[in-house]
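K.L.:
Right, I'll just put the structure down here and ask away after.
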Amino acid sequence: VDGTTDDLTGPLFENVIKPLYGAYDALCRERLDREPLDLDLPEKKIILDDDGQVHEVRARMRHNSHKLIEEFMIAANVAAATTLEDQKQPCLYRIHDEPPAKNLEACRNFLKGIGFKLSKGQVLLPRNFNQILRKAKDGDFYDAVSQMTLRSQSQATYTGKNVGHFGLALRRYCHFTSPIRRYADLIVHRALISGLKLGAGGLSDTPIDTEEIGEHLSVTERRASIAERDVVDRFSAAFLAGKIGETFGGKVNGVTNFGLFITLDEIAADGLVPIRSLPDDYYDFDEKRMALKGSRNGQVYHLGMKVDVVLKEANPVSGSLVLAIAG
């Protein structure tokens with residue numbers, strides 16, 4: 453679409469690629485009107501060499517072509533859920549409820565501490581979070597605001613009872629992706645075959661318990677997500693095991709009473725700075741502002757803060773990194 457074509461894509465440009473991006477532009481305009489939660493959180497990509505060793509760990513690029521696919525997938529998922537409702541067929545919705553009150557309170561306290569205000573006493577919409585994200589966009593706290601916004605959200609789950617999808621700002625949504633990669637997708641496909649009378653492969657005559665299935669799938673999905681995260685952490689630690697003693701730039705992405713979690717800039721790996729390794733002082737944990745403050749030297753480490761760190765340990769088995777503040 454940028455104008456670089458070859459023998460395969462050249463003949464497709466006018467009749468396929470341009471109309472495809474035209475439809476994508478229309479979906480983007482609809483998205484702007486709907487204004488879903490606008491969190492742009494980078495994913496990690498592990499590059500292996502021919503011997504299966506980690507060659508590089510970096511943030512995954514996200515081009516307009518990726519966004520185009522996402523928008524068409526969302527449109528297909530909405531269409532599938534709408535069709536199942538019209539056909540009065542069982543549906544496994546993908547729901548994302550409103551943020552829990554306790555999460556919102558923690559988020560409000562943090563935002564207030566850095567000069568932002570999240571409305572209270574009204575029904576919150578994704579656009580309320582987006583307004584704060586836009587205000588923070590060019591400042592030092594953008595990553596911290598993004599992280600706190602993410603942590604304030606409910607867990608997305610599968611269920612037969614539709615409450616809508618808060619993050620996507622959609623009234624109905626299910627998973628109808630291709631290729632089929634979840635059991636929830638398969639349930640939806642079978643229900644569509646039955647409802648639209650498309651032949652073999654539909655649901656059986658025995659009613660299905662969408663609540664029980666949804667609960668099971670939600671648990672196994674979380675288990676799979678944890679496993680995926682563990683694998684990426686172990687690959688990252690294996691890559692960094694040969695770089696002990698080197699200094700890296702990073703940002704504080706988590707603050708606890710036992711230390712700081714740092715995301716390294718270039719490698720997109722996460723590690724811990726134990727509180728005992730911070731410059732000699734007693735540090736108080738301010739949960740509302742997500743910060744550690746030295747009682748004598750007044751040094752403050754807060755969420756989103758840029759820091760230089762030295763790699764002290766890298767354990768490929770556990771996937772853990774131990775860091776220390778440089779200097």
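To convert, count from 1 in the sequence shown and add 452; that's my numbering. Here a beta-carbon is modelled for each residue, glycine too, at the ideal position from N, C-alpha and C.
1. Helix, strand or coil for C480 per DSSP?
2. For K554 and E739, I'd like the C-alpha separation in whole angstroms.
3. Note down, in chain order, each residue of its chain lying with its Cβ closer than 6 Å to the Cβ of F593, except the 5 sequence neighbours on either side.
4. Three-state secondary structure (DSSP) at Y610?
5. Just reading off the beta strand (DSSP E) that G706 is part of, what are its end residues?
6. K497 by DSSP, collapsed to three states: which one?
7. For K564, which beta-bridge partners are listed by DSSP?
8. Buried or exposed: which applies to V506, given that a residue is buried once 16 or more other Cβ atoms fall within 10 Å of its Cβ?
9. Taking its Cβ as the centre, do 16 or more other Cβ atoms sit within 10 Å of F568, making it buried, or is it exposed?
10. In the DSSP assignment, what residue or residues form a beta bridge with E718?
11. Can the beta-carbon of G616 be found closer than 8 Å to that of P488?
12. Under a Cβ-count criterion, where at least 16 other Cβ atoms within 10 Å of its own Cβ denotes burial, should D722 be classed as buried or exposed?
13. So G779 and D682 are supposed to be a Cβ contact under 8 Å. How far apart are they, rounded?
14. Based on DSSP bridge pairs, tell me the residues matched to S772.
15. Excluding five sequence neighbours on each side, which residues of the same chain lie with their C-beta closer than 6 Å to the C-beta of T699?
16. In the DSSP output, what is G711 paired with across the bridge?
17. DSSP on D637, reduced to helix/strand/coil?
18. So, Y635 versus L669, is the Cβ gap smaller than 8 Å?
19. Taking just the CA atoms, how far does P463 sit from E550?
P.N.:
In this structure, then:
1. helix
2. 13 Å
3. I566, G756
4. strand
5. 699-708
6. strand
7. In the DSSP output, where bridge partners are listed per residue, K564 has none listed.
8. buried
9. buried
10. BP columns for E718 are empty, so no partner.
11. no
12. buried
13. Wrong, their Cβ atoms sit about 32 Å apart, outside the cutoff.
14. N767
15. D760, V762, A778
16. T708, P726
17. helix
18. yes
19. 47 Å
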